[in-house]
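Working notes, structure below.
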Ligand code: RP5
């Protein structure tokens, strides 16, 4: 898959297959909404291992600060990314055909001690939250981004406060 890129990529988004993009675009969308540059690639830990390592090294040299990795089934992609970098790796389990993503979740969350992967919810919510978490990481050293994140949270709170349940 050709790379999808915006501005200077501070976040590398990688997924095991183009079939993961429907879910993983939720991470890219959050980053775009916050004006954070990212680069998305479909690269597989088992089908294109050399290309994956090459891309991790390349985007790191270009200034990336963290990775979001989405994969399904025996989902070792996030762990392989984490084996190559000390940058934070956020793992997103893909919904899978036979086990509804439980296989993906357990594969990503059960990393052995020493090489951590932060694991998010299965599917769209997990991908969106991984995007938001990447924003939070970058906001630690970017006050303008921290303000945008606070405004985003305030807007969500306002929507809940303004919500009215229907009359019976
Ligand atoms: C994994 O296998 C991918 O991350 C994807 O979730 C799953 C199925 O891939 P395709 O058969 O659709 O390429 O490697």
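Numbering (my numbering), first residue to last: 3 to 170.
Built from N, CA and C at the ideal position, the CB exists for glycine as well.
Proximity below 7 Å, CB of residue i to CB of residue j
| i | j | result |
| --- | --- | --- |
| residue 164 | residue 25 | no |
| residue 13 | residue 33 | yes |
| residue 95 | residue 107 | yes |
| residue 98 | residue 125 | no |
| residue 69 | residue 83 | yes |
| residue 141 | residue 132 | no |
| residue 67 | residue 39 | no |
| residue 65 | residue 46 | no |
Contacts around residue i, its chain only, beta-carbon distance under 7 Å, and the 5 residues preceding and following it disregarded
| i | result |
| --- | --- |
| residue 3 | Low local confidence applies: a pLDDT of 49 at residue 3 is under 50, so the model's placement there is unreliable, and no value is given. |
| residue 55 | 86 |
| residue 171 | Only positions 3 to 170 of the chain appear in this structure, which leaves residue 171 out of reach. |
Residues of its chain near residue i, where Cβ-Cβ distance is below 8 Å and the 5 sequence neighbours each way are ignored
| i | result |
| --- | --- |
| residue 160 | none |
| residue 139 | 67, 68, 90 |
DSSP three-state assignment for residue i, whether helix, strand or coil
| i | result |
| --- | --- |
| residue 91 | strand |
| residue 121 | strand |
| residue 75 | coil |
| residue 43 | strand |
| residue 38 | coil |
| residue 128 | helix |
| residue 110 | helix |
| residue 14 | strand |
| residue 61 | helix |
| residue 170 | coil |
Cβ-based neighbour list, residue i, same chain, cut-off 6 Å, excluding 5 preceding and 5 following
| i | result |
| --- | --- |
| residue 134 | 32 |
| residue 36 | 137, 150 |
| residue 113 | 81, 119 |
| residue 153 | none |
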